[in-house]
Amino acid sequence: MAKFYSVGVGAGDGSYITLGALRALEQADIIAVPVKKYGEKSTALEIIRKEFDTDKKEISELEFRMSGDTKIREESRRNSSEKIISALKDGKDVAMVTLGDVSVYSTCTYVHNAVKNAGFELEIIPGITSFCAAADKAQISLCEGNESVAIIPSLKSNLLEKYIADFDTVVIMKSGNDTDVIYDILKKYRLENNAIVSSCIGMENEIIEKIQKGKSYGYFTTVIVRK
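Numbering follows numbering that gives the first Met the number 0, with no gaps: position 207 of the sequence shown is 206.
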């Protein structure tokens, strides 16, 4: 029976790719790469090409639309899943790559669940998350002893305040467009000097610094607040 691998390739630097990920890529007949739109560059593919020769593999793009319309997003997930299942039915092993780790806000999850329901063999390969890499590069710990950590997407300010009040460390992912709002909330609690912004970890335009108001950050942005 054909096998589907969900492969976390780490946080941007090719050196973060694990031996397990390389093994899965080697065993796969097809490497599936998520893109926002067909024909666009895949960051995950660029990462694995630093450490793995993809020329000998079939590359299959999976379009995951970043639309505000739930129906459009669900349709693209369904289409991508059906594309993978079709390849598996043809007897081909498929490895789908994703940035960071498969278990954290990953498009792999949708495909994995669909493939599982279709009855195929599955394996998940862990990867280094962006927030773990960022904390290590900033030389801070995410938690110690009995401390608590919340990992959240950037969301409404009233909910963010609740997480900041309830947890010792808050990791705010996908926060590039909301750093000013986050800064204002942190300043309200005198925590603005306790926040690290990481953007494009492991990439050429990597940023790791104290949070600043009025500065523009990219899509791959995470804020770590350590009380």
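All C-beta atoms, glycine included, are put in the ideal place defined by N, C-alpha and C.
Would a C-beta distance cut-off of 8 Å place Thr215 and Ile206 closer than the cut-off?
One detail in the question is off: residue 215 reads as Ser in this sequence, not Thr. Contact: no.
Do you know how far the Cα of Lys82 is from the Cα of Val34?
14 Å
If you compare alpha carbons, which of Asn176, Leu141 and Phe63 is closest to Val110?
Phe63
Have a look at Leu24 and Asp12 and give me their C-alpha separation to the nearest angstrom.
17 Å
Here's a check: name, in chain order, each residue in its chain whose Cβ is nearer than 6 Å to the Cβ of Pro125, leaving out the five neighbours to either side.
Gly7 and Asp100
Three-state secondary structure (DSSP) of Ser215
coil
Just to confirm, is the Cβ distance from Tyr15 to Ala113 under 8 Å?
no
What did DSSP end up calling Leu141 once you bin it into helix, strand or coil?
coil
When you compare the region 91-105 with the region 28-44, are there three or more beta-carbon pairs, one atom per stretch, that lie closer than 8 Å?
yes
Starting from the C-beta of Ser75, find all residues in its chain whose C-beta is less than 6 Å away, skip the five residues before and the five after it, and write them out in chain order.
Glu62, Phe63 and Arg64
Where are the alpha helix (DSSP H) runs, 4 residues long or more, that stay fully inside the region 90-135, in chain order?
107-117
Element boundaries [beta strand (DSSP E), containing Gly7]:
Lys2 to Gly7
Beta-carbon spacing of Arg225, Thr178 below 8 Å
no
Is the beta carbon of Ser129 sitting closer than 8 Å to the one on Ser153?
no
Give the single residue among Gln211, Leu158, Asp52 and Cys142 whose Cα lies nearest to the Cα of Asn192.
Gln211
Roughly how many angstroms separate the alpha carbons of Tyr188 and Asn157, rounded to a whole number?
13 Å
Within 10 angstroms of its Cβ, does Gly9 collect 16 or more other Cβ (buried), or is it exposed?
buried
To which residues does DSSP link Met172 through a beta bridge?
Pro152 and Thr221
Opening and closing residue of the beta strand (DSSP E) in which Ile71 lies
It is not in any beta strand (DSSP E) - Ile71 instead sits in the alpha helix (DSSP H) that spans Thr69 to Lys88.
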